[in-house]
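Undergrad:
Number of protein chains: 2
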Amino acid sequence: MALPPSVTLREVGPRDGLQAEAPVPVAGRVALVEALVAAGLRHVEVVSFVSPKAVPAMAGAAEVIAALGPLPGVTRTALVPNRRGAELALAAGVDELTVTIAVSPTYNERNVKMTIDESASAIAGVCALARGDGVRVDAVVSCAFGSPYEGDVDPADVGALCHRLREGGAASITLADTTGMATPRRVDEVLAVTGPDVALHLHESRGTGLVNLYAGLLAGVRRFDTSVGGLGGSPFAAGAAGNVATEEAVALLDDLGVATGVDIEALLAAAALVEDLVGHPVPSRVARAGPRTRLATP
Amino acid sequence: MALPPSVTLREVGPRDGLQAEAPVPVAGRVALVEALVAAGLRHVEVVSFVSPKAVPAMAGAAEVIAALGPLPGVTRTALVPNRRGAELALAAGVDELTVTIAVSPTYNERNVKMTIDESASAIAGVCALARGDGVRVDAVVSCAFGSPYEGDVDPADVGALCHRLREGGAASITLADTTGMATPRRVDEVLAVTGPDVALHLHESRGTGLVNLYAGLLAGVRRFDTSVGGLGGSPFAAGAAGNVATEEAVALLDDLGVATGVDIEALLAAAALVEDLVGHPVPSRVARAGPRTRLATP
Numbered sequence: 001m002a003l004p005p006s007v008t009l010r011e012v013g014p015r016d017g018l019q020a021e022a023p024v025p026v027a028g029r030v031a032l033v034e035a036l037v038a039a040g041l042r043h044v045e046v047v048s049f050v051s052p053k054a055v056p057a058m059a060g061a062a063e064v065i066a067a068l069g070p071l072p073g074v075t076r077t078a079l080v081p082n083r084r085g086a087e088l089a090l091a092a093g094v095d096e097l098t099v100t101i102a103v104s105p106t107y108n109e110r111n112v113k114m115t116i117d118e119s120a121s122a123i124a125g126v127c128a129l130a131r132g133d134g135v136r137v138d139a140v141v142s143c144a145f146g147s148p149y150e151g152d153v154d155p156a157d158v159g160a161l162c163h164r165l166r167e168g169g170a171a172s173i174t175l176a177d178t179t180g181m182a183t184p185r186r187v188d189e190v191l192a193v194t195g196p197d198v199a200l201h202l203h204e205s206r207g208t209g210l211v212n213l214y215a216g217l218l219a220g221v222r223r224f225d226t227s228v229g230g231l232g233g234s235p236f237a238a239g240a241a242g243n244v245a246t247e248e249a250v251a252l253l254d255d256l257g258v259a260t261g262v263d264i265e266a267l268l269a270a271a272a273l274v275e276d277l278v279g280h281p282v283p284s285r286v287a288r289a290g291p292r293t294r295l296a297t298p
Numbered sequence: 001m002a003l004p005p006s007v008t009l010r011e012v013g014p015r016d017g018l019q020a021e022a023p024v025p026v027a028g029r030v031a032l033v034e035a036l037v038a039a040g041l042r043h044v045e046v047v048s049f050v051s052p053k054a055v056p057a058m059a060g061a062a063e064v065i066a067a068l069g070p071l072p073g074v075t076r077t078a079l080v081p082n083r084r085g086a087e088l089a090l091a092a093g094v095d096e097l098t099v100t101i102a103v104s105p106t107y108n109e110r111n112v113k114m115t116i117d118e119s120a121s122a123i124a125g126v127c128a129l130a131r132g133d134g135v136r137v138d139a140v141v142s143c144a145f146g147s148p149y150e151g152d153v154d155p156a157d158v159g160a161l162c163h164r165l166r167e168g169g170a171a172s173i174t175l176a177d178t179t180g181m182a183t184p185r186r187v188d189e190v191l192a193v194t195g196p197d198v199a200l201h202l203h204e205s206r207g208t209g210l211v212n213l214y215a216g217l218l219a220g221v222r223r224f225d226t227s228v229g230g231l232g233g234s235p236f237a238a239g240a241a242g243n244v245a246t247e248e249a250v251a252l253l254d255d256l257g258v259a260t261g262v263d264i265e266a267l268l269a270a271a272a273l274v275e276d277l278v279g280h281p282v283p284s285r286v287a288r289a290g291p292r293t294r295l296a297t298p
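Residue numbers (my numbering), protein chains in the order written: chain V, 1 to 298; chain H, 1 to 298.
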């Protein structure tokens, strides 16, 4: 078992975690990002610049960025669905953009009403725009391990799309298991084509998020998206469910001796905050049970 | 990645899954076992012969066995806490006994009010008794990957206890992660001492059940306990939570090409039945989302 000394977690809770929830006010979202940064997370997807009509929970993105201000040593990422969103995000002063494109034609069509070709062209335009501001773009490939519409996805198609996105100016690639169809076999098959220099964005729709993270780790991946409390899932994706919980990932990685820079107890305080903000229990088991180091009193 | 062509799942839902629930009548428990057998499970822990005062949900164990009758090709297992339970189980005509002993002194003391030495001696007595009836005994080692009282467990202690149990007549050993403290690191460390000829009984208290199952699989383990719907957890163990869900394990193993003999759709019908019987949703994600092969209609 060859595990790395450290990995980078990109916290997506303030964006992916909250987007399908009842709207949380800007002040609460800012407090959540600050709690996550205080716990040691150095890369946080804080907002998306989408239409507040389409995704009410993401309204006020510019206000969240303004209230946070620059955070030294922290990358504040914003998801942007199109050029207009990118312009707003760049004007707000974010540190990184994420853009999404599905390797599944039907999913892409239903999610953004564009063909994959059209999406790739639009993304190249966003990359050019961002480059002008010195801002990097991370391209997220949805349905990289299976599509709820077409079923299995050819790893060669994922590889070709990754190549095209890099050619179009994406600084990095994240492979997303949007509806929880990945297994270690699929992770291995896709990574054999793309190589391990990608991030993995995994969901727990079928309970395989953490096992896929582990498979990715064994295959050499060093960057993972996780969501505080295990919240998440596209409001538009059939069968989507929560992301890998940040505290479940950190508790696991801590015991494996893989450093994340995150303090588990401070992270659990952030998970308690997100539970307060959304007003219901979060799916994360570690948020309930605590890490394995928290013992009972006999 | 060296995966085996097949593994054996021992279904523990009718026992471990139901023991902490409001009591389900005998007829419902019999119907559940029959649904599990119909789905292809060939090894089922069907009851425990414990005091109905201590565990009301397990009352009527002999009636369950009688109503099931012999099931050709199926091993009907009963958990027994002591010699009296073993006598009742053998009189009822079960095919296998499970006995438990913790490698954690405090856990053992609190669970059965005996020292580990006293438990090991009692188990040797049960093994001798069962041998007279030609019935095999599987010894389950609780807290094999960590104790909620003492914390980390020395793998050498687990190995020594396994050796002692085999010497005492146990036909096989199951290593139980009673309160969800295992990680792939702990699984590897313990298996390095015990060897892979053990079964793993894993819990999802910290969301690591499936990742530990996968780690065990990679390390050569071929037998796993799972529970339909992901129910389970000792009513007496601090921090315990559900077992690995049988349908999550089968869905994963199906995609890995590891045969279980279980039909996932028939298994999901059994999961729906157990949900009806306990009267609340089960924690299994595959019970909700279905297997990855179940596609959406565009």
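From the three backbone atoms N, C-alpha and C, an ideal C-beta is built for every residue, glycine too.
So residue 10 of chain H is in the beta strand (DSSP E); what residue range does that whole segment cover?
TA: If you number the second sequence from 1, residue 10 of chain H lands on position 10. Judged by DSSP secondary structure, residue 10 of chain H falls within the beta strand (DSSP E) whose first and last residues are 8 to 11.
Undergrad: Does any residue of chain V have a CB that is nearer than 8 Å to the CB of residue 255 of chain H?
TA: Indexing the second sequence from 1 puts residue 255 of chain H at position 255. Cβ-Cβ to chain V under 8 Å: yes for residue 255 of chain H.
Undergrad: Please list the terminal residues of the continuous beta strand (DSSP E) segment that includes residue 225 of chain V.
TA: By 1-based counting over the first sequence, the position of residue 225 of chain V is 225. Segment 223 to 226, the beta strand (DSSP E) holding residue 225 of chain V.
Undergrad: Looking only at its chain, what residues have a beta carbon closer than 6 Å to the beta carbon of residue 100 of chain V, apart from the 5 residues adjacent to it on each side?
TA: Taking the first sequence and counting its residues from 1, one reaches residue 100 of chain V at position 100. Within the same chain, residue 100 of chain V has close Cβ partners 140 and 142.
Undergrad: Tell me, to the nearest whole angstrom, how far the beta carbon of residue 7 of chain H is from that of residue 223 of chain H; I am working on the premise that it is less than 8 Å.
TA: The residue given as residue 7 of chain H occupies position 7 in the second sequence. The residue given as residue 223 of chain H occupies position 223 in the second sequence. Contact flag correct, Cβ pair sits at about 7 Å.
Undergrad: Tell me which residues of the segment 98 to 132 of chain V have at least one Cβ-Cβ distance to chain H shorter than 8 Å, keeping chain order.
TA: 106 and 110
Undergrad: Since residue 151 of chain H sits in a beta bridge, which residues does DSSP pair it with?
TA: Residue mapping note: residue 151 of chain H aligns to position 151 of the second sequence, counting from 1. According to DSSP, residue pairing for residue 151 of chain H in a beta bridge involves H:147.
Undergrad: Of all Cβ atoms in chain V, is any one closer than 8 Å to the Cβ of residue 8 of chain H?
TA: Taking the first residue of the second sequence as position 1, residue 8 of chain H is located at position 8. No, because no Cβ of chain V sits closer than 8 Å to the Cβ of residue 8 of chain H.
Undergrad: How many angstroms separate the CA atom of residue 13 of chain H from the CA atom of residue 39 of chain H?
TA: Here residue 13 of chain H refers to the residue found at position 13 of the second sequence. Here residue 39 of chain H refers to the residue found at position 39 of the second sequence. One C-alpha to the other measures close to 14 Å.
Undergrad: How many Å lie between residue 41 of chain V and residue 230 of chain V at the Cα?
TA: If you number the first sequence from 1, residue 41 of chain V lands on position 41. If you number the first sequence from 1, residue 230 of chain V lands on position 230. Spanning the two alpha carbons is a distance of roughly 15 Å.
Undergrad: For the candidate residues H:94, H:90 and H:133, whose alpha-carbon lies nearest to that of residue 70 of chain H?
TA: For this step, residue 70 of chain H is matched to residue 70 along the second sequence. If we check each option's Cα against that of residue 70 of chain H, H:94 comes out closest.
Undergrad: Would you identify the three-state DSSP class for residue 44 of chain H, choosing helix, strand or coil?
TA: For the purposes of this step, residue 44 of chain H is taken as residue 44 along the second sequence, with counting starting at 1. Three-state DSSP puts residue 44 of chain H in a strand.
Undergrad: Could you pull the DSSP bridge partners for residue 138 of chain V from this structure?
TA: What you label residue 138 of chain V is simply residue 138 of the first sequence in a count that begins at 1. The partner list for residue 138 of chain V (beta bridge, DSSP) reads V:98 and V:172.
Undergrad: Taking the straight line between their C-alpha atoms, what separation do you get for residue 157 of chain V and residue 106 of chain H?
TA: The residue given as residue 157 of chain V occupies position 157 in the first sequence. The residue given as residue 106 of chain H occupies position 106 in the second sequence. Cα-Cα distance, rounded: 55 Å.
Undergrad: Among all the DSSP beta bridges, which residues are the ones paired with residue 76 of chain V?
TA: As a first step, residue 76 of chain V must be located in the first sequence, where it is residue number 76. Answer is V:44, bridged to residue 76 of chain V.
Undergrad: Count the other CB atoms within 10 Å of the CB of residue 163 of chain H; is the residue buried (16 or more) or exposed (fewer)?
TA: Along the second sequence, one-based indexing puts residue 163 of chain H at 163. Per the 10 Å Cβ criterion, exposed.
Undergrad: Residue 220 of chain V touches chain H at which residues, Cβ-Cβ below 9 Å?
TA: Counting from one through the first sequence, the residue named residue 220 of chain V turns up at place 220. Residues of chain H with a Cβ closer than 9 Å to the Cβ of residue 220 of chain V do not exist, since the nearest Cβ in that chain sits about 13 Å away.
Undergrad: With respect to the beta strand (DSSP E) encompassing residue 314 of chain H, which residues constitute its N-terminal and C-terminal limits?
TA: Residue 314 of chain H lies beyond the residue range present for chain H, which begins at 1 and ends at 298; the question has no answer from this structure.
Undergrad: With DSSP run on the structure shown, which of helix, strand or coil describes residue 201 of chain V?
TA: Here the question's residue 201 of chain V lines up with position 201 in the first sequence. Correct three-state label for residue 201 of chain V: strand.
Undergrad: From H:244, H:293 and H:257, pick the residue whose C-alpha is nearest to that of residue 265 of chain H; which is it?
TA: Residue numbering aside, residue 265 of chain H sits at position 265 when the second sequence is read from its first letter. Selected option, being the one with the closest Cα: H:293.
Undergrad: Using the beta-carbon of each residue, which ones in chain H are nearer than 8 Å to residue 86 of chain V?
TA: In the first sequence, residue 86 of chain V corresponds to position 86, counting from 1. Going along chain H, no residue has its Cβ under 8 Å from residue 86 of chain V, so there is no contact; the nearest lies around 29 Å.
Undergrad: According to DSSP, is residue 62 of chain H helix, strand or coil?
TA: Position 62 of the second sequence, counted from the start, is the residue given in the question as residue 62 of chain H. The answer is helix: DSSP assigns residue 62 of chain H an H, G or I state.
Undergrad: Would you call residue 146 of chain H buried or exposed, if buried means 16 or more other Cβ atoms sit within 10 Å of its Cβ?
TA: The residue you call residue 146 of chain H lines up with position 146 of the second sequence. Label assigned to residue 146 of chain H: buried.
Undergrad: Do residue 171 of chain H and residue 193 of chain H come within 8 Å of each other at the CB atom, strictly closer than that value?
TA: Locating residue 193 of chain H in the second sequence gives position 193, where the first residue counts as 1. Locating residue 171 of chain H in the second sequence gives position 171, where the first residue counts as 1. Cβ distance not < 8 Å, so residue 193 of chain H and residue 171 of chain H don't count as in contact.
Undergrad: Assuming the contact rule is C-beta atoms closer than 8 Å, residue 10 of chain H and residue 43 of chain H should be a hit. Round their C-beta distance to whole Å, please.
TA: Locating residue 10 of chain H in the second sequence gives position 10, where the first residue counts as 1. Locating residue 43 of chain H in the second sequence gives position 43, where the first residue counts as 1. Rounded, the Cβ-Cβ distance is 4 Å, consistent with contact.
Undergrad: If I follow the unbroken alpha helix (DSSP H) through residue 28 of chain V, where does it start and stop?
TA: Translated into positions along the first sequence, residue 28 of chain V becomes position 28. Segment 26 to 38, the alpha helix (DSSP H) holding residue 28 of chain V.
Undergrad: Would DSSP call residue 82 of chain H helix, strand or coil?
TA: Along the second sequence, read from residue 1 onward, the residue named residue 82 of chain H stands at position 82. Three-state DSSP puts residue 82 of chain H in coil, outside helix and strand.
Undergrad: Identify the contact partners of residue 295 of chain V in chain H, using a Cβ-Cβ distance below 7 Å as the criterion.
TA: Your numbering for residue 295 of chain V matches position 295 in the first sequence. Ordered by position in chain H, the residues that pass the 7 Å Cβ test against residue 295 of chain V are 148, 149 and 151.
Undergrad: On the three-state DSSP scale, how would you describe residue 22 of chain V?
TA: If you number the first sequence from 1, residue 22 of chain V lands on position 22. Three-state result, residue 22 of chain V: coil.
Undergrad: Is the separation between the beta-carbon of residue 269 of chain V and that of residue 287 of chain V shorter than 8 Å?
TA: Position 269 of the first sequence, counted from the first residue, corresponds to residue 269 of chain V. Position 287 of the first sequence, counted from the first residue, corresponds to residue 287 of chain V. No; because the gap between Cβ atoms is not below 8 Å, this pair is not in contact.
Undergrad: Since residue 67 of chain H sits in a beta bridge, which residues does DSSP pair it with?
TA: To locate residue 67 of chain H, count along the second sequence from 1; it is residue 67. Answer is none; residue 67 of chain H lacks a bridge partner.
Undergrad: Whole angstroms are fine: how far does the CA of residue 252 of chain H sit from the CA of residue 155 of chain H?
TA: For this step, residue 155 of chain H is matched to residue 155 along the second sequence. For this step, residue 252 of chain H is matched to residue 252 along the second sequence. The alpha-carbon atoms of residue 155 of chain H and residue 252 of chain H are separated by roughly 28 Å.
Undergrad: Drop a sphere of 10 angstroms on the beta-carbon of residue 119 of chain V, count the other beta-carbons inside from all chains shown, and report buried for 16 or more, exposed for fewer.
TA: Your numbering for residue 119 of chain V matches position 119 in the first sequence. Under this definition residue 119 of chain V is a buried residue.
Undergrad: Where do the N-terminal and C-terminal ends of the alpha helix (DSSP H) with residue 121 of chain V fall, by residue?
TA: By one-based count along the first sequence, residue 121 of chain V stands at place 121. Where residue 121 of chain V is concerned, the enclosing alpha helix (DSSP H) stretches over 116 to 132.
Undergrad: Do you know offhand how far residue 64 of chain V's Cα is from residue 280 of chain H's?
TA: Walking along the first sequence from the start, residue 64 of chain V turns up at place 64. Walking along the second sequence from the start, residue 280 of chain H turns up at place 280. Near 39 Å, if we compare the C-alpha coordinates of residue 280 of chain H and residue 64 of chain V.
Undergrad: Can you tell me whether residue 245 of chain V is helix, strand or coil according to DSSP?
TA: If you number the first sequence from 1, residue 245 of chain V lands on position 245. Of the three classes helix, strand and coil, the one that applies to residue 245 of chain V here is strand, per DSSP.
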